Amino acid sequence: MNERKYRAAFFLCGFAAFINLYSTQGILRELALAFDVSAEHAGQGVSATTLAVAIIAPFVGLLAAPFERRKAIACAALASALPALWSAHTASFGAFLAARFAAGLLMPFVFALSITFIGERYGREGATEVGALFVAGTTLGGFAGRFITNGLTAMLGWRHALDFDALLCLVTGCAIYACLPGSPAGALASASTSASTEKTSAARAPWRNVLRAPLLASFGVGACVLASQVATFTFIGLRLTRAPFAFSTVGIGAIYAVFLVAVVVTPISGRIARHRGPRDLALAAVALGIVGSLFTLSGNVIAILVGLALGSTAVFVEQASANAFISQRAASARSTAIGIYLSCYYLGGSLGSVLPVPMWHRWGWAGCVAFVIGAQALVGALVHAFWREGRRMPDAPRTSAPRATR
């Protein structure tokens, strides 16, 4: 019975990590009207959050090491309610962006520490299974954050919708604290020792290995992958609100249901990667992503939704492939490499709602599709050129490293 409760808690950790991340992505029109900015400019609310995640992600392990896992995760989830409330009641767009940035500073403490905790508590097979539950939680959280915010915005307005997001953060944080297992006796001392070891390892880390071409290429892959995802789902909402589609705010929120495909795709892609290798899997995903992008050029809503499902699935598979490749090739500096990857991944996400703006103004949705295809093509080129079988770096003592999830 306790084990079921613990697994449910890790699912909730994933939910809490992403409930706030993209909650404003589907209400750009409302934000634009409230702050007297363009809808494209309003998309910077997403960029501010992902930029903060990119900045703080590599340092989460060291900053949180002195604290018990359950308390650190639950406190971060609870504290996420504060920037949600702040963003709901700001009077200026600058303050709104600051609130979104603050939200991004807290999110990595939930998901990075959760994955670390899973690795500490479960064996290899158990960690894979529970990790899949965590990823399923992130998927549901990302969907719920968008869908609920859009639905409540249509009924009550965007400010009250974000108030409800804050309430969700509080409820989820309390549930996490109630259900998540506490660290065993001596965990704080162990965490402190782990932090000291991590610092020593970082000081001795063979940076020439981390900065080798295959890993540098992987960091670029991460940036391009999330840039394409954020660009797609930021601007498709703007397209679908216009004629001939004229989607309502609720309708825009509903399109994010395609993210639920990740609940099935993530564990399957992980199993395939063990047999075929991350390179083949990533190249197949690139092709899938490009095909999906082309589908969205259609004027038929069903074709557009199919394209969005294919494109988002491709991103999840590419992400899983990058995680696997980095773990294989950076064994002696895994946590350092994963930290850099996380930063590049979310930095790419912050750019994904900014860089396509000129193309959107000049060519509309076709310009955004060109951006997405370009990003996916760059992923394919990097993977094809640098993700080749080779000698793995020497192993170091095993450490749990956070994996980026979308």
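Each number in our numbering comes from the position in the sequence shown (counting from 1) with 6 added on. Yeah, the Cβ is synthetic: ideal placement off N, Cα and C, and Gly gets one too. Predicted, not measured: the structure shown is a model, and the values here were computed from it.
Boundaries for E74: no alpha helix (DSSP H) harbours it, and the DSSP string shows neither H nor E there. Judged by DSSP secondary structure, S86 falls outside any alpha helix (DSSP H); it is assigned neither H nor E. Here Y347 is actually not in contact with G32; their C-beta atoms are around 28 Å apart, not less than 8 Å. A Cβ-Cβ separation of about 5 Å places G188 in contact with R76 under the 8 Å criterion.
Judged by DSSP secondary structure, V231 falls within the alpha helix (DSSP H) whose first and last residues are 219-246. A direct Cα-to-Cα measurement between H281 and A330 gives close to 12 Å.
Spatial neighbours of V43 in its own chain (CB-CB distance under 7 Å, excluding positions within 5 residues in sequence) are listed in chain order as F99. The beta carbon of A309 is closer than 8 Å to those of F301, T302 in its chain, skipping five residues each way along the sequence. Close CB contacts of L357 within its chain, under the 6 Å cut and outside five residues either way in sequence, are with A233 (chain order). Residues of the same chain with a CB within less than 8 Å of the CB of A80, apart from the 5 flanking positions on each side, are G179, C180, I182, Y183, L186 in chain order. Per DSSP, L303 lies in no alpha helix (DSSP H) segment and is marked neither H nor E. DSSP places H166 inside the alpha helix (DSSP H), whose first and last residues are 164-185.
Just so you know, the alpha carbons of N26 and G67 end up roughly 21 Å apart. The closest CA to that of H95, considering only A40, A249, P250, is found on A40. Burial is judged here by how many other beta carbons sit within 10 angstroms of a residue's own beta carbon; A326 has at least 16 and is buried. Proximity of the region 10-22 to the region 312-320 falls short of the contact definition, fewer than three beta-carbon pairs being nearer than 8 Å. Relative to T122, the option among G386, I379, I344 whose CA is nearest is I344. Here L37 has A48 as same chain residues with Cβ atoms under 6 Å from its own Cβ, once five neighbours each way along the sequence are excluded.
Q50 carries a helical assignment under DSSP once its states are collapsed to helix, strand and coil. In this structure, G20 sits near A142, with a CB-CB distance shorter than 8 Å. The alpha-carbon separation between S29 and P250 amounts to approximately 25 Å. If you draw a straight line from the Cα of F392 to the Cα of Y351, it is about 18 Å long. Distance from T238 to S359 at the Cβ level is roughly 10 Å; contact not present, criterion being Cβ atoms closer than 8 Å.
Comparing C-alpha distances from V389 to each of P89, A288, F265, H367 shows the shortest one belongs to A288. Around the Cβ of E9, a 10 Å sphere holds fewer than 16 other Cβ atoms; the residue is exposed. Taking the C-beta atoms as reference points, G295 is found nearer than 8 Å to Q382. The Cβ atoms of V236 and A328 do not sit closer than 8 Å to each other. Here N306 is exposed. Its C-beta has fewer than 16 other C-beta atoms within 10 Å. The beta carbon of L158 sits closer than 7 Å to the beta carbons of H166, A167, F170 from its chain, once the five residues preceding and following it are set aside; these are given in chain order. A direct Cα-Cα distance of roughly 8 Å separates A372 from W366. With 16 or more other Cβ atoms from the protein chains shown falling within 10 Å of its own Cβ, M113 counts as buried.
Note on geometry: alpha-carbon atoms of A83 and G259 lie some 23 Å from one another. Taking L34 as reference, the option from I62, V323, F24, Q50 with the minimal CA-CA separation is Q50. In the DSSP annotation of this structure, the continuous segment of the alpha helix (DSSP H) that includes S120 starts and ends at 99-127. Assigned with DSSP and collapsed to three states, I33 falls in coil, not helix or strand. Membership of H367 in the alpha helix (DSSP H) is indicated by the continuous run 363-369.
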